[in-house]
Each structure stands twice: as structure tokens, then as C-alpha cells.
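Student: At position 2 of the sequence shown (counting the first as 1) the number is 911 in the working numbering, and the numbers step up by one without a gap. All C-beta atoms, glycine included, are put in the ideal place defined by N, C-alpha and C. Values in this document were obtained by computation on a predicted structure and should not be read as measured data.
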Amino acid sequence: MKKNIFIAAGLLFSISTQAQLLDILKSTVKDKTGVDLNAPVKTKGSATTTTPATSTKIPATSTANLGNLTSSQISSGLKEALSMGVTDGVKKLALTDGFFKNEAVKILMPEKLRKIDTTLRSLGMGSLADEGVKLLNRAAEDAVTEAAPIFATAITSMTITDAKNILLSTDNAATNYLQGKTQSQLFTAFQPKVKASLGKVGADTVWKSLISKYNTFTGQAVTTDLNEYVTTETINGVFKMVAQKESGIRNTPAMRTTSILQKVFGAQDGK
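1) Determine the closest residue to residue 1133 out of 1010, 1090, 1047, 1113, with distance taken between C-alpha atoms.
2) So what's residue 977 in DSSP terms, helix, strand or just coil?
3) Taking Cβ positions, are residue 1120 and residue 1103 nearer each other than 7 Å?
4) May I ask you to report which of helix, strand or coil DSSP gives residue 1033?
5) Answer yes or no: do residue 1072 and residue 980 have a C-beta to C-beta separation smaller than 7 Å?
6) By how many angstroms is the C-alpha of residue 1078 removed from the C-alpha of residue 1047?
7) Taking three-plus beta-carbon pairs below 8 Å as touching, is the region 1016-1036 in contact with the region 983-997?
8) Whole angstroms are fine: how far does the CA of residue 992 sit from the CA of residue 1170?
9) State the CB to CB distance for the pair residue 1115 and residue 1041, rounded to an integer number of angstroms; the pair is presumed to be in contact (CB under 8 Å).
10) Taking only the alpha-carbon atoms, compute the straight-line gap between residue 1126 and residue 1025 and give it to the nearest angstrom.
11) Three Cβ pairs or more, each shorter than 8 Å: is that satisfied between the region 1090-1099 and the region 1051-1064?
12) For a test of the three-state rule: what should DSSP assign to residue 1129, helix, strand or coil?
13) With the cut-off set at 7 Å, would you say residue 1158 and residue 990 are in Cβ contact?
14) Grouping DSSP H, G and I as helix and E and B as strand, with all else coil, what is residue 1162?
15) Tell me the DSSP secondary structure of residue 1175 in three-state form.
16) Are residue 1084 and residue 1151 touching if we call contact CB-CB under 7 Å?
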């Protein structure tokens, strides 16, 4: 019996000693490494509460998104993209059928005169209506060659105040900005060019005949200002082409053919 008591006591002493040694070991590890061996072990699937990681996302307007770009470089990149858009757009639109066979910019019969189109076609004069629409587009194709210097002046006058936000905005933000800032000035400057082109291609003569025939057959007195209409549509056509170019430069690195475009829009890629 005594023998069993001694054995039990020995075991208890051994367990106690081991526990003390383990506590000393855990304390030493915590002091040396900061690891608390008494902390509960997290197993896969266990419900634990974690502290959300601090977001490192940089705001769109932060300069960190743009690397080492200066406001001047951003402005230069945007202006170059717009200039290329205007040059490329005007070149394509100024070709024969540049407007007429481009569905994105083709000038259609003025909305308030579309009843003329229907009436003339019902009277077998569809060819006259077709010629009228074609000549509106021919006038735009002729006049658009005068647009480049007007747009160039508008582009160079763009300030750098909104340049950073424009760069990090939507695909055609620069085009929209330019259009909003220059639409009225462009219209005033461009309207005489369109008027001259309407006369040059004979559109004004054809349309006088077209409207006269319609008025004769219907007993009405329809009139329209073709100059204002074609001017507006021509300007809108150029802006559509500029927007396409801007979107291409923003989204297709291969279209960034100069160092400033590569630098500026390359930084934009990481927004």
C-alpha cells in the first residue's frame, strides 16, 4: 500500500514539475518572440473575429495614382490626344463619303422636314430626296476641312485645372470637356464655312427646289435653316470622331504613339 502511495506521489510531483517547466518555457517563448503559446489555436472553419485590413486604395485624384506626372504633363497628354483625334477625325470626314457613308455621323434629313421625304417618295421623287440628303453630307465633307484650326485653338486654350480629374474619368471625358467649353464658339466660327460649302456643292439650290416642290404639292409653306442644321451636325460629327480616338488611346496602348501619350495614359491604366 505504502509503495503505491509513493508511486502516486512521485507521479504527481513529476506532473507538477513538468507543468512548471512548461509554464517557464511558454513565458520564455513569449518574452523572446512575442508568441503567446497559451492563445487558443484557430482551426479552419472556426468562427473568429478579425480586424478589417486598412484600405490602401488611393483616391482617384491622388497624385500617387499618376506616378511622378506633373499637371503640365497631364495637360499636355490630354491636349495631344485631342489634337490627334481632331486631325484623324477631320482627315477621315473630309474624304468623299466621309460623312455620307459613315453611319455614326451621317447627316440625315432634318427631323421637321422628314415629312417632305415621305411625300416626295410617294410622288415618285425619291431620287430628289436622296440627292438632298447626299448634298447635306457633301457640304459637311467640304466644310470640315476648315474645322482643324478652329478646334486646335480651342484645344490649346484648355486649362490644366481639371486635367487630373479628366484623365482619371470616363473614356471620352476630355472630349466632353472640350465640347462643353467650346460648342458655342465653334458654332459661331464654323457656320460661315458651312454656308459657303452648301453653296459650293449646290445643296442650297437642290433644297430650294425640293422644298418648293413639296410646298406646291401640299399647299404648305415649309422653311428651314439648313446652315444652322448642317453646322450643328458637322460639329457633332467631329466630336464623335474625337471621342472614338480618345477612347482608343485610353484603352489601347498600341494607339499611344508618342512618349507623352505613353507616359500619361500609361499612368491612367493603374487608376
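Tutor: Considering the structure as presented:
1) Counting from 1 along the sequence shown, the entry for residue 1133 is found at position 224. Per the Cα distances, 1113.
2) Position 68 of the sequence shown, counted from the start, is the residue given in the question as residue 977. Correct three-state label for residue 977: coil.
3) Stepping through the sequence shown from its first residue, residue 1120 is reached at position 211. Stepping through the sequence shown from its first residue, residue 1103 is reached at position 194. No, Cβ-Cβ distance for residue 1120 and residue 1103 is not below 7 Å.
4) Within the sequence shown, the letter at position 124 stands for residue 1033. If DSSP states are grouped into helix, strand and coil, residue 1033 belongs with coil.
5) Stepping through the sequence shown from its first residue, residue 1072 is reached at position 163. Stepping through the sequence shown from its first residue, residue 980 is reached at position 71. Yes, Cβ-Cβ distance for residue 1072 and residue 980 is below 7 Å.
6) Translated into the one-based positions of the sequence shown, residue 1047 becomes position 138. Translated into the one-based positions of the sequence shown, residue 1078 becomes position 169. Using only the alpha carbons, I get a separation of about 35 Å.
7) In short, these stretches do not touch, since the Cβ pair count stays below three.
8) Locating residue 1170 in the sequence shown gives position 261, where the first residue counts as 1. Locating residue 992 in the sequence shown gives position 83, where the first residue counts as 1. Each residue's CA atom was taken as its position, placing residue 1170 and residue 992 some 12 Å apart.
9) Against the sequence shown, residue 1115 aligns to sequence position 206. Against the sequence shown, residue 1041 aligns to sequence position 132. At roughly 5 Å, the Cβ-Cβ gap stays under 8 Å, so residue 1115 and residue 1041 are in contact.
10) Position 217 of the sequence shown, counted from the start, is the residue given in the question as residue 1126. Position 116 of the sequence shown, counted from the start, is the residue given in the question as residue 1025. Their backbone Cα atoms lie some 10 Å apart in a straight line.
11) Yes, the region 1090-1099 touches the region 1051-1064.
12) Locating residue 1129 in the sequence shown gives position 220, counting from the first residue. Reduced to three states, the DSSP call for residue 1129 is coil.
13) For the purposes of this step, residue 1158 is taken as the residue at position 249 of the sequence shown. For the purposes of this step, residue 990 is taken as the residue at position 81 of the sequence shown. The Cβ atoms of residue 1158 and residue 990 sit closer than 7 Å to each other.
14) Locating residue 1162 in the sequence shown gives position 253, counting from the first residue. Here residue 1162 sits in helix by DSSP.
15) Translated into positions along the sequence shown, residue 1175 becomes position 266. Note: residue 1175 maps to helix in three-state DSSP.
16) If you number the sequence shown from 1, residue 1084 lands on position 175. If you number the sequence shown from 1, residue 1151 lands on position 242. Cβ atoms of residue 1084 and residue 1151: closer than 7 Å.
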